[in-house]
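Residue numbering for the sequence shown follows this note's numbering, beginning at 107 and increasing consecutively. Ideal placement from N, C-alpha and C gives every residue a C-beta, glycine not left out.
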Amino acid sequence: MKKGNETKPRIGLFGRRNVGKSTMVNWLTGQQIAIVSDTAGTTTDPVRKSMEIGGIGPVVLIDTAGIDDEGELGQMRVQKSMAALAEVDLALLLYTEGCYGEPEEMVERWCTEHGTALLKVRTKSAPLDKEELIQRIKEALPESAYHGQSLLGDILHQGDTVVLVTPIDSSAPEGRMILPQVQVLRDLMDIHAQAFFCQPEELPSTLAALKEPPALVVTDSQAFKQVASVVPEEVPLTSFSVVLARQKGLFKEYLEGTRKIADLKDGDRVLLLESCTHNVTCEDIGRVKLPAALCKATGKELQCEVIGGQSPLPSDLNRYALVIQCGGCVITRQQVRARLLPALEAGVPVSNYGLAMAWCNGIFNRAIAIFQNTERK
Numbered sequence: 107m108k109k110g111n112e113t114k115p116r117i118g119l120f121g122r123r124n125v126g127k128s129t130m131v132n133w134l135t136g137q138q139i140a141i142v143s144d145t146a147g148t149t150t151d152p153v154r155k156s157m158e159i160g161g162i163g164p165v166v167l168i169d170t171a172g173i174d175d176e177g178e179l180g181q182m183r184v185q186k187s188m189a190a191l192a193e194v195d196l197a198l199l200l201y202t203e204g205c206y207g208e209p210e211e212m213v214e215r216w217c218t219e220h221g222t223a224l225l226k227v228r229t230k231s232a233p234l235d236k237e238e239l240i241q242r243i244k245e246a247l248p249e250s251a252y253h254g255q256s257l258l259g260d261i262l263h264q265g266d267t268v269v270l271v272t273p274i275d276s277s278a279p280e281g282r283m284i285l286p287q288v289q290v291l292r293d294l295m296d297i298h299a300q301a302f303f304c305q306p307e308e309l310p311s312t313l314a315a316l317k318e319p320p321a322l323v324v325t326d327s328q329a330f331k332q333v334a335s336v337v338p339e340e341v342p343l344t345s346f347s348v349v350l351a352r353q354k355g356l357f358k359e360y361l362e363g364t365r366k367i368a369d370l371k372d373g374d375r376v377l378l379l380e381s382c383t384h385n386v387t388c389e390d391i392g393r394v395k396l397p398a399a400l401c402k403a404t405g406k407e408l409q410c411e412v413i414g415g416q417s418p419l420p421s422d423l424n425r426y427a428l429v430i431q432c433g434g435c436v437i438t439r440q441q442v443r444a445r446l447l448p449a450l451e452a453g454v455p456v457s458n459y460g461l462a463m464a465w466c467n468g469i470f471n472r473a474i475a476i477f478q479n480t481e482r483k
């Protein structure tokens, strides 16, 4: 069963121009999603469409431009297609009989080097059987892409009490909770733990109303300092962002990178990566609160830059002393890993919003203590 905290697995279609990628997207979904034409190069930018696959659940199909495109504009399209490889859990490599060469081998090499699942599909020969192809997709798609790990299932038990501290300020969405809070709540329901919500100012009365201390308190990272001053030392404390950082992978690298904050010097550049697109306010954690906290905690004048959504990363990442990724609640584990891999390959340490805020507030060790004796792949 797919956990509620996971985003949809991505399945990308790659191949030369006019190999039948767009036709296959329409065929699989049963809808006219992608424009189909005999003119080579009709698809210029990745096109995404959700569909349901029995036994897996909802997935996102990504139709891409031809990997053999030509000319200056064509090469930009090829780069866009190759960039899409970084976000997929499974790459469908479409080819025709007698036409398998450098473009296809380029995709195959990338998948091998990055550990991305690859399924080769020959088109424009014998008619494809939809059920057979879907079965092949189900067998090739990594199970971890749709059978997501529980966020806290290996830490908590049925009946445990958990307090979720959720500040409501100008950066909070109107009339709803932010996605990490929803994901943690759903996970607690799957565990059959008991969840109590409150705002930071209500935390003392919430704790006092409980018959026993909670098994865990999870807070929004921006309220770490205030919450830590209220929660007794013997009660485990962490943040929504830290919980997601552990579930999304690269947790070991995050821990190592966060400790590098102590080594930052005046003038160092820090790159902050935000996966979602949202309205920026004066209380924005990535653009306002975290940069200010880093400068205050280190006592250094730092140059903080933010890249939002899935915008391309700078080519010269080695000019940054640290890269800090948000919780990644709207993207898959594969996307988070692919987003940070260039920085790691460049020797740049990486951290996470929640872990960095915990370090800045002097409670880093406390925020990770509950996860110290656990290990995830």
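Where does Asp-260 fall in DSSP's three states?
It is coil, neither helix nor strand.
My output table needs one value for Glu-249: the three-state DSSP class, helix, strand or coil.
Residue state, collapsed to three classes: helix.
For Pro-273, which of Phe-330, Asp-293 and Pro-248 has the nearest alpha-carbon?
The shortest C-alpha separation from Pro-273 is found at Phe-330.
To test your reading of the DSSP string, which unbroken alpha helix (DSSP H) runs of 4 or more residues are found completely within the region 387-450?
Counting only runs of 4 or more, we get 396-404.
With DSSP as the reference, please indicate the residues paired to Arg-122 in a beta bridge.
The partner list for Arg-122 (beta bridge, DSSP) is empty, contrary to what the question assumes.
Where does the unbroken alpha helix (DSSP H) through Cys-304 begin, and where does it stop?
That residue, Cys-304, is in no alpha helix (DSSP H); its beta strand (DSSP E) goes 300-304.
Which of the three DSSP states is assigned to Pro-164 in this structure?
Reduced to three states, the DSSP call for Pro-164 is strand.
For chain C, check one thing: does any of its Cβ atoms lie closer than 7 Å to the Cβ of Gln-137?
Included in the structure is just one protein chain, with no chain C present.
Hey, would you say Arg-443 sits closer than 7 Å to Arg-375, going by beta carbons?
Contact: no.
For Gly-392, which residues of its own chain have a beta-carbon under 8 Å away from its beta-carbon, when the five flanking residues on both sides are left out?
Within the same chain, Gly-392 has close Cβ partners Leu-378, Glu-380, Val-412, Cys-432 and Tyr-459.
Does the distance between the C-beta of Ile-297 and the nearest non-hydrogen atom of the ligand NAP fall short of 6 Å?
This structure lacks the ligand NAP, and indeed carries no ligand of any kind.
Give the straight-line distance between the Cα atoms of Gly-405 and Gln-264, rounded to the nearest whole angstrom.
Their Cα atoms are separated by approximately 44 Å.
Where does Tyr-206 fall in DSSP's three states?
Note: Tyr-206 maps to coil in three-state DSSP.
Give a yes or no on contact between the region 294-311 and the region 357-374, applying the rule of three or more CB pairs nearer than 8 Å.
In short, these stretches do not touch, since the Cβ pair count stays below three.
DSSP state of Ala-171, grouped into three classes?
Three-state result, Ala-171: coil.
Could you give the DSSP three-state label for Lys-109: helix, strand or coil?
Here Lys-109 scores only 47 on pLDDT, less than 50, and its place in the model is too uncertain to base an answer on.
Where do the ends of the beta strand (DSSP E) carrying Ile-474 lie?
Unbroken run through Ile-474 is the alpha helix (DSSP H), 470-474; no beta strand (DSSP E).
Count the other CB atoms, across all protein chains shown, that sit within 10 Å of the CB of Ala-171; report buried if there are 16 or more and exposed otherwise.
It is buried - the Cβ of Ala-171 has at least 16 other Cβ atoms within 10 Å.
Terminal residues of the continuous alpha helix (DSSP H) containing Ala-189?
Unbroken alpha helix (DSSP H) run through Ala-189: 177-191.
Measuring alpha carbon to alpha carbon, tell me which of Gln-478, Glu-203, Pro-248 and Arg-439 ends up nearest Ile-162.
Comparing Cα-Cα distances from Ile-162 to each of Gln-478, Glu-203, Pro-248 and Arg-439, the minimum goes to Pro-248.
Who are the near neighbours of Ala-190 in its chain, counting only those whose CB is closer than 7 Å to its CB and skipping five residues on each side?
Gly-118, Pro-152, Ile-168 and Thr-170.
Distance, Cα to Cα, Leu-258 vs Asp-293?
Going from the Cα of Leu-258 to the Cα of Asp-293 covers about 7 Å.
Please state the DSSP three-state secondary structure of Glu-99.
As displayed, the chain neither begins before 107 nor continues past 483, which places residue 99 out of reach and without an answer.
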